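Before any comments, here is the structure.
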Amino acid sequence: MDATTRTALLRRGFALEYTTLAWNVVGIVVLALAAISAKSVVLAGFGLDSLIEIGASTVVIWELSGTGEDRQRRALKLIGVGFGLLAVYLMVQSTWALATGYHPRHSPLGIAWTAITAVVMFALAAGKARTGAALDNPVLKTEGRVTLIDGLLAAAVLLGLVLNAAVGWWWADPAAGYVLVYYAIREVREIFSGEH
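Here you go:
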């Protein structure tokens, strides 16, 4: 690949990460407001997922600005640790909510935000996958999968929120938290086993 093509691909990679970063910074504020208002475990967990995505984007920006396999390995491990912490938090919170029969309120703001977020994350994930493959950059490709998972998680959270609002299935909120736990653990396992 010539230097001009590589420079263009790196610029695209940076643009995708900065867009992800900006979206998730706004998302933390929106999700915090929605989670507090509805007292929703899954919205709080998705807000933490957005925080991890901010960390992951920052790590990828750091990695794209340098080179070396050691830097890539360190970047991937930092992303993995963030997902591990998310899994532990959500497992505890979802289990507590189900065990105590805690009923979250409805969240129109949470429903709207997660619906839009799913679409945005799927588009960003596709761009990162293509750019990461073209650059042969395992960190950008992995973060693209993280963004795809973020889109899937947004869809799962949306389903839980809609079921709670539409038919009163209060348990759908913490149950959606377990979906996030599953994907977070899967991502940690893939990162630390070197399957990226």
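For the sequence shown, this note's numbering gives the first residue as 447, with consecutive numbering after it.
For every residue, glycine included, the Cβ atom is placed at its ideal position computed from N, Cα and C.
Predicted model, so just to flag it, every value in this text is computed and none were measured.
For the alpha helix (DSSP H) assignment, the uninterrupted runs of no fewer than 4 residues enclosed by the segment 551-614 are, from N- to C-terminal side, 554-581, 584-613. Secondary structure at Asp495: helix, using DSSP grouped into helix, strand and coil. Here DSSP, grouped into helix, strand and coil, assigns Trp508 to helix. Using a C-beta cut-off of 8 Å, the segment 575-591 makes no contact with the segment 608-618, since fewer than three inter-stretch Cβ pairs fall below that distance. Exposure of Ile482 is indicated by the presence of fewer than 16 other C-beta atoms within 10 angstroms of its C-beta.
Between Arg458 and Thr541, the beta carbon gap of about 41 Å keeps them out of contact (Cβ cut-off 8 Å). With a 10 Å radius around the Cβ and a threshold of 16 neighbouring Cβ atoms, Tyr464 comes out exposed. Here Tyr548 carries a coil assignment [DSSP, helix/strand/coil].
If you check the CB distance, Leu544 and Gly491 do not come in under 7 Å.
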